[in-house]
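Reviewing the structure listed below.
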Amino acid sequence: MLYCKNCGIRLPGKYVRCPLCKGELTGSAEENGNVFPPIPPRRETGRSLLVWLAFGSVAAAAISMAVNLILPSGGWWFLFVLGGIGSVWLSLALVLKKRRNVPKTILWQCGLLSVLAFVWDLLTGFRGWSLDYVFPILCTGSMIAMAVTAKARKLNIQSYILYLVIDCVFGLLSFTLLVMGKIQVAIPSAVCFASTVIFLAALLFFEGKALLAEIQRRFHL
-4 MLYCKNCGIR LPGKYVRCPL CKGELTGSAE ENGNVFPPIP PRRETGRSLL VWLAFGSVAA
56 AAISMAVNLI LPSGGWWFLF VLGGIGSVWL SLALVLKKRR NVPKTILWQC GLLSVLAFVW
116 DLLTGFRGWS LDYVFPILCT GSMIAMAVTA KARKLNIQSY ILYLVIDCVF GLLSFTLLVM
176 GKIQVAIPSA VCFASTVIFL AALLFFEGKA LLAEIQRRFH L
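By the numbering used here, the letter at position 48 of the sequence shown is numbered 43, and the numbering carries on one by one without gaps.
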């Protein structure tokens, strides 16, 4: 009978490796009597996709650099391609790191994409599109995404209430910038402000006790 030193078990049947820990086995194998069903190898689809994305990113960067060197009249525009690829990978890395907590991931993506858009706006002469459009639209979309995700996944209110409040604070910041005259296009910020008020009112009226309990727990009050 086969024996696994790591697991401390004896195995009737014929195995090459321990079915539990994949460790080496000692002893003599038997022709029949396998007690564990064979486990098919797991397909690493996610890893393969990342490998192809990495390859595509390198290829796109190399091609854009080569084209820019051949046709340099338009300036060093391939640097913007590199910046875009880097932004995509930074956002993807954040999603992979925070993927177990969907509301937290949504909030982090809202903050990260807002910062990246503001930096891009600065590097291209700052025309204000990051504050006029990107920031308020991201805040509004994040609120809706959190509400839909919580409903679809039947999350406990404590699992996302703090992240929703922080996103609402971002929405109030967008309205503050509008009042201060830092935003030229009012519609996205106005819609964001209205959405913020509605979500905050819903939290206070329907989940006031849960919100207070979460604040006390987070800040040890």
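Where is the CB? At the ideal position from N, CA and C, for every residue including glycine.
task = Alpha carbon to alpha carbon, how far is I65 from V186? Give it in angstroms, no decimals.
result = 46 Å
key: Same chain, Cβ closer than 7 Å to W124, five either side skipped, listed in chain order   = D116
ask   = Is it buried or exposed for C105, if we count other Cβ within 10 angstroms and need 16 for buried?
value = buried
ask   = Taking the C-alpha atoms as reference points, what is the distance between I132 and C163?
value = 12 Å
message = Can you tell me where the beta strand (DSSP E) holding L15 begins and where it ends?
response = Unbroken run through L15: none, as it is neither H nor E.
query = Mapping DSSP to helix, strand and coil, what is R94?
reply = coil
ask   = Which word fits G18, buried or exposed, when buried means at least 16 other C-beta atoms lie within 10 angstroms of its C-beta?
value = Per the 10 Å Cβ criterion, exposed.
Burial state of A140, where buried means 16 or more other Cβ atoms lie within 10 Å = buried
key: Per-residue DSSP class, three states only, for L(-3)   = Residue state, collapsed to three classes: strand.
inquiry  = Less than 8 Å between the C-beta atoms of V76 and A61, yes or no?
reply    = no
task = Count the other C-beta atoms from every protein chain shown that fall within 10 angstroms of the C-beta of C13, then say buried if there are 16 or more, exposed otherwise.
result = buried
query = Does DSSP classify T135 as helix, strand or coil?
reply = Helix.
inquiry  = By alpha-carbon positions, which one of V11, M175, I156 and L168 ends up nearest to E202?
reply    = I156
ask   = Mapping DSSP to helix, strand and coil, what is R5?
value = In the structure shown, R5 adopts extended strand secondary structure according to DSSP, grouped into three states.
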